[in-house]
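Last residue of the sequence shown? That's 523 in our numbering, and every number before it is there in order.
Here's the structure we're looking at; comments come further down.
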Amino acid sequence: GSTTISPVASVTNCGSTSSSITYAWSFVGGSPSTASTLNPGSINYTTPGTYTVSLVVTNECGVSNTATQNFTINPSPTITNTDLTQTICSGTPTMSVSFNANPSGATFSWTATATTGISGFMTTGTTSTIPTQTISTTNTNPGTVTYTVTPKIGNCTGTAVSYIVHVIPAPTITSQPASSIVCENGTATPLTVAVTTSTGTPTYQWYSNTANTTGGTAVSGAASATFVPPTAVTGTVFYYCVISLSSGGCSSLTSAIASVEVAPAPTISTQPLATQNLCVGVTIENPLTVSFNNGTGTASYQWYSNSTNATTGGTLISGATSSTYTPGVFSTLGNHFYYVTITFSGSNCGIITSNSALIGVFADPILTTQPIADQTLCQGAIPENLEVISTGGDGIFSYQWYSNTSNNTSGTIITGATNSTFIPPTSTVGTKYYYCIVSQNTLGCGVTSSISKVVVNQSPSVVNPLLSSTVCLGGNPSALTFTIANGAGTPTYQWYSNT
Numbered sequence: 025g026s027t028t029i030s031p032v033a034s035v036t037n038c039g040s041t042s043s044s045i046t047y048a049w050s051f052v053g054g055s056p057s058t059a060s061t062l063n064p065g066s067i068n069y070t071t072p073g074t075y076t077v078s079l080v081v082t083n084e085c086g087v088s089n090t091a092t093q094n095f096t097i098n099p100s101p102t103i104t105n106t107d108l109t110q111t112i113c114s115g116t117p118t119m120s121v122s123f124n125a126n127p128s129g130a131t132f133s134w135t136a137t138a139t140t141g142i143s144g145f146m147t148t149g150t151t152s153t154i155p156t157q158t159i160s161t162t163n164t165n166p167g168t169v170t171y172t173v174t175p176k177i178g179n180c181t182g183t184a185v186s187y188i189v190h191v192i193p194a195p196t197i198t199s200q201p202a203s204s205i206v207c208e209n210g211t212a213t214p215l216t217v218a219v220t221t222s223t224g225t226p227t228y229q230w231y232s233n234t235a236n237t238t239g240g241t242a243v244s245g246a247a248s249a250t251f252v253p254p255t256a257v258t259g260t261v262f263y264y265c266v267i268s269l270s271s272g273g274c275s276s277l278t279s280a281i282a283s284v285e286v287a288p289a290p291t292i293s294t295q296p297l298a299t300q301n302l303c304v305g306v307t308i309e310n311p312l313t314v315s316f317n318n319g320t321g322t323a324s325y326q327w328y329s330n331s332t333n334a335t336t337g338g339t340l341i342s343g344a345t346s347s348t349y350t351p352g353v354f355s356t357l358g359n360h361f362y363y364v365t366i367t368f369s370g371s372n373c374g375i376i377t378s379n380s381a382l383i384g385v386f387a388d389p390i391l392t393t394q395p396i397a398d399q400t401l402c403q404g405a406i407p408e409n410l411e412v413i414s415t416g417g418d419g420i421f422s423y424q425w426y427s428n429t430s431n432n433t434s435g436t437i438i439t440g441a442t443n444s445t446f447i448p449p450t451s452t453v454g455t456k457y458y459y460c461i462v463s464q465n466t467l468g469c470g471v472t473s474s475i476s477k478v479v480v481n482q483s484p485s486v487v488n489p490l491l492s493s494t495v496c497l498g499g500n501p502s503a504l505t506f507t508i509a510n511g512a513g514t515p516t517y518q519w520y521s522n523t
């Protein structure tokens, strides 16, 4: 810079007039360097230092007089700091800044202004240091705080400089990773973070830990906003992400911690009963039942029927969506196969399928020989055996004979009458009805015989016996007559004589 002086002289002449006085100014180092008027105006000096101003005045008598004046031009202070900016993340402290000037010994003053939305800064100061301040912004775009710093030595004020603090809006995580449960070797729900930042490109690093804290181990290769946790090992692992920003003063931020529980894969612990046989017209006695171990989430069931012993390609059974299933009454002979699938919702456990269960449906047995329809005999007589012969169905035959006083099949069990042949008793007079229920050890397999009627009458007796009589030789005797009561069937007669 330059310094300007404006010298002024007061001259008194010895005569009555001063019009003949001449002036000879000398400004060594100044510009201009000489002047010849009483008031020479502004003289500029570009270099600090000590200078002498001299004035020689001469009047008309030739008398001269010289006056000199020394003065010093001090240098203006210049701030020597070269780094005049810093960048901070909103809400974090600034670094303190100390200013230096040349020459040394300067004092400093500063004022600060900021863009809209910035707070937390000092507006004025009179020290060589701008202290640490916590500055924040409510804006979504970067802003600035500008400090105008002025140095001064004595009355010499140096050129002001601007020190700028760039304030970057703090990044925020707008989407945190969520905890989840997944089955062993299933596909885990991806862990995802989303960050909002106004400057810099974020980088990501996921960490795992066995405890619900930070301080975990970096996961190799997990360097993006989305990370799919491994599921090969059961147990609970905690994950979090550290997001770093390459510029802008916002160094890093850490996501919330998400737990990922890897549950053992589900297995079927109870299979439906492998085989059940029955005869047509009934359904199974033991419902088809399945249960499982492990897995996670809500289990959903779906039963299928199949014509072959396979657990694929079956026909979905509408409404069969619980852990147990009982088919309806079977009307079709042959082999019927069933299986169930179990699906676990929201846990990536996949689908597990039960074994196939066989239900064999057989025709009812038939009787090739029925008991005789009826017989009538006398009390105590030997009856004709009642017999049934059965075939077909499934399983071992068993027999039970029943007696009744009416001609229907709601009779009473005859204790011990458990063979295919039954000898009806004849010790009691009366009419009884007999039938046999033939069953098998396969569910629903059985047949009831026809009803056999057995009539037991009292033994025959003579109601009016023969009476003795005497007749003359050659006379006509009375007829011999008698009456039979009771008995069974049509009587036959044979007369006998004796002496």
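All C-beta atoms in this analysis are idealised placements derived from N, C-alpha and C, irrespective of residue type, glycine included.
Model, not experiment: these values are computed from the prediction.
| Item | Value |
| --- | --- |
| Just verifying my parser: in three-state terms, what is the DSSP assignment at cysteine 460? | strand |
| How big is the Cα-Cα spacing for valine 487 and threonine 514? | 16 Å |
| Between the beta-carbon of glycine 321 and the beta-carbon of glycine 210, is there less than 8 Å? | no |
| In three-state DSSP terms, what is leucine 382? | strand |
| Taking contact to mean at least 3 C-beta pairs separated by less than 8 Å, is the stretch 459-466 in contact with the stretch 478-492? | no |
| List the DSSP bridge partners of glutamate 411. | Thr445 |
| Considering only residues of the same chain and omitting the five flanking positions on each side of valine 304, which have a CB-CB separation below 8 Å? | Phe354, Ser355, Thr356, Leu357, Val385, Phe386, Ala387, Asp388, Gly468 |
| According to DSSP, is glutamine 399 part of a helix, a strand, or is it coil? | strand |
| On a CA-only basis, which of Val32, Thr116, Asn124, Ile192 is nearest asparagine 105? Give me that one, please. | Asn124 |
| Label aspartate 418 either buried or exposed according to how many other C-beta atoms from any shown protein chain fall within 10 Å of its C-beta, with 16 as the threshold for buried. | buried |
| DSSP has asparagine 317 in a bridge; who is on the other side? | Thr291 |
| Flag this pair as yes or no: are the beta carbons of serine 329 and threonine 339 separated by less than 8 Å? | yes |
| Quick check on proline 226: does DSSP put it in helix, strand or coil? | strand |
| Tell me serine 355's beta-bridge partners as DSSP assigns them. | None; serine 355 has no bridge partner. |
| Compare the C-alpha of threonine 367 against each of His360, Ile292, Asp398, Ile420 and name the closest. | Ile292 |
| If the criterion is Cβ atoms closer than 8 Å, does the pair valine 169 and alanine 212 meet it? | no |
| Measuring CA to CA, which of Gly240, Ser222, Ala235 is closest to glutamine 229? | Gly240 |
| Since alanine 381 and leucine 312 are thought to touch, with beta carbons under 8 Å apart, how far apart are those beta carbons, to the nearest angstrom? | 6 Å |
| Would you mind working out which of Asn165, Thr174, Thr172 sits nearest alanine 194, comparing C-alpha positions? | Asn165 |
| Would you kindly report the start and end of the unbroken beta strand (DSSP E) that includes valine 480? | 476-481 |
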